[in-house]
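Numbering (the UniProt record's numbering), first residue to last: 1 to 371. Step one of this worksheet: look at the structure below.
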Amino acid sequence: MTLSKAYQQILIILGMSIATTAMLFYGFTKDNQEVEFFALIFLFLLTLIIINATLAFRKNEKIRKQLEYMTKSIVAHQPVAPLFVRPGNPYKQIADQLTELQSRQQDESKTIKNSNTELVTILSSLPVGIMVIDSSQDVIFANHRMAKMLQRSIMPQPHAYSQDIRNYQLLSLIERVFDDHESQHAEVRSVGETPATWDTSVIYNQLDNNFHVSVIMYDISDIINVKQMQIDFLRNASHELKTPVTAISGFAKTLLGGAMDDRKTLVEFLKIIDQQSTQLTSLIQDVLTISHIQNETSQHAETLNLRSFVAERLQGYLSMAKLHDVTLKNEIPESATITVDSKTLLRILQNLVSNAIKYNRPVARSLLSIR
Numbered sequence: 001m002t003l004s005k006a007y008q009q010i011l012i013i014l015g016m017s018i019a020t021t022a023m024l025f026y027g028f029t030k031d032n033q034e035v036e037f038f039a040l041i042f043l044f045l046l047t048l049i050i051i052n053a054t055l056a057f058r059k060n061e062k063i064r065k066q067l068e069y070m071t072k073s074i075v076a077h078q079p080v081a082p083l084f085v086r087p088g089n090p091y092k093q094i095a096d097q098l099t100e101l102q103s104r105q106q107d108e109s110k111t112i113k114n115s116n117t118e119l120v121t122i123l124s125s126l127p128v129g130i131m132v133i134d135s136s137q138d139v140i141f142a143n144h145r146m147a148k149m150l151q152r153s154i155m156p157q158p159h160a161y162s163q164d165i166r167n168y169q170l171l172s173l174i175e176r177v178f179d180d181h182e183s184q185h186a187e188v189r190s191v192g193e194t195p196a197t198w199d200t201s202v203i204y205n206q207l208d209n210n211f212h213v214s215v216i217m218y219d220i221s222d223i224i225n226v227k228q229m230q231i232d233f234l235r236n237a238s239h240e241l242k243t244p245v246t247a248i249s250g251f252a253k254t255l256l257g258g259a260m261d262d263r264k265t266l267v268e269f270l271k272i273i274d275q276q277s278t279q280l281t282s283l284i285q286d287v288l289t290i291s292h293i294q295n296e297t298s299q300h301a302e303t304l305n306l307r308s309f310v311a312e313r314l315q316g317y318l319s320m321a322k323l324h325d326v327t328l329k330n331e332i333p334e335s336a337t338i339t340v341d342s343k344t345l346l347r348i349l350q351n352l353v354s355n356a357i358k359y360n361r362p363v364a365r366s367l368l369s370i371r
């Protein structure tokens, strides 16, 4: 009920009340039954108008409370049933607008929910561990990779991050971000049954008057192991290179010192120098092969039949194998295929076969197979 209509009804009731009172007073004082009759009719009509106004007021008051509840629910992003008001009701326009607003809000909420679901799906499938911690230091999200890296089952409900993280170095890194409000980066080492090294970024994200912290961890254990293998290889290679170089140098100095006059000694020493030179060449070739493979930038992967590829390359080593009395046998299945850069595979195969021939026992077999 609008304000103008309310005023109109009040004025009508007030006017009819005054008229009825005046007619009753006049009828009683003048003893005029006709006036009294009309006064009673006015009184009856006035009663009907008051009853109708009271019912309309109660109905509109109920609608007003429903609209108020609906407004509060929309503000609080809570679901509420739409309100249908009959045409002609003063609250009709407001009810329709609130219903439309609620419908739009529900559509936006569904869109946001779907987007969040897609985002969670993407984050859960990433090969890096991700954890999000709110300003209350509660975990609000963690993907499966993070749970696997921490070797714990992480609850989906908000909870303190200290329940999931037991690594002191990682805990200290997160605490530093909460204290300084600055992002941190470090390599975190995990000790236990399966030691690991994680490249860890703890990122401070400011959001208006609030903030959250994102923990992103990538397992670089394989990279660290490869680096250590490279260091070990270079250390061993240096030692292996030193042996033939020392032998060649020693025998050469002996020959220069006068041993060349002895034909038998000369031949013996030259054979040793030749053997050590061959070993030195092989070691250098190994180093160059590994270095070339690591520095290869333009690799073109292709699918090859592994048995045919190996069989064709073995043909070039048959004479060398015969010279060393070594038999080469290709036991790779016919159906074996591999997707690889053919040049890289060729270098590996050449290094493998040549070493198998050079350093094998006489009258031996070198088998090429796959697992």
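Beta carbons: idealized from backbone N, C-alpha and C, even for Gly. Keep in mind that this is a model prediction, so the values were computed, not measured.
How would you call P82, buried or exposed, if buried means at least 16 neighbouring beta carbons within 10 angstroms? exposed
Are the CB atoms of I203 and V188 nearer to each other than 8 Å? no
Once DSSP output is grouped into helix, strand and coil, what is the label at A311? helix
Would you say N351 reaches chain B, if we count a Cβ-Cβ gap shorter than 8 Å as a contact? No chain B appears in the structure shown, which is made up of a single protein chain.
Under the three-state reduction of DSSP, which class applies to Y161: helix, strand or coil? It is helical.
Ends of the alpha helix (DSSP H) at S183? No alpha helix (DSSP H) contains S183, which DSSP labels as neither H nor E.
Quick one, which of I154, E302, M146, I357 has its alpha-carbon nearest G316's? I357
Collapsed DSSP secondary structure at R361 in the structure displayed: DSSP, read as helix, strand or coil, puts R361 in coil.
For the beta strand (DSSP E) holding L328, just list the boundary residues, first then last. 326-330
Residues near F77 in its chain [Cβ-Cβ closer than 8 Å; skip 5 each side]: It should be pointed out that residue 77 corresponds to His in this sequence rather than to Phe. The answer, listed in chain order, is Q105, S109.
Taking the alpha-carbon positions, what's the K113 to V128 distance? 24 Å
Own chain partners of L349 with C-beta closer than 6 Å, once the 5 adjacent residues on each side are dropped: R313
Please report the straight-line C-alpha distance between F309 and T303, rounded to a whole angstrom. 11 Å
Does V226 pass the burial test, meaning 16 or more other C-beta atoms within 10 Å, or should it be called exposed? exposed
With a cut-off of 8 Å on the beta carbons, I'd call D133 and Y161 a contact; round off their distance for me. The question names Asp, but residue 133 is Ile in the sequence shown. Yes, I133 and Y161 are in contact; Cβ-Cβ is about 5 Å, under 8 Å.
Helix, strand or coil at H239 according to DSSP, with G and I counted as helix: helix
Please list, in chain order, all residues of the same chain as M260 whose beta carbon is under 7 Å from its beta carbon, the five residues on each side excluded. Contacts found: L266.
Can you tell me whether F84 is helix, strand or coil according to DSSP? coil
What is the rounded straight-line gap between the Cα of R235 and the Cα of V287? A straight-line Cα-Cα distance of about 12 Å links R235 and V287.
Own chain partners of L352 with C-beta closer than 7 Å, once the 5 adjacent residues on each side are dropped: Short of 7 Å from the beta carbon of L352, and not among the five residues preceding or following it, lies no beta carbon of its own chain.
Please name the residue, chosen from F178, R145, F44, that lies closest to Q137 on a Cα-to-Cα basis. Looking at the Cα atoms, F178 is the closest of the given residues.
What would DSSP say about G258, mapped onto helix, strand or coil? The answer is coil: DSSP assigns G258 none of H, G, I, E or B.
Hey, N143 and S124 are a contact pair by Cβ (cut 8 Å); roughly how many whole angstroms apart? 4 Å
Report yes if the CB atom of N360 is closer than 8 Å to the CB atom of H324, and no otherwise. yes
Length of the line joining the Cα atoms of Y218 and R152: Whole-angstrom Cα-Cα distance: 17 Å.
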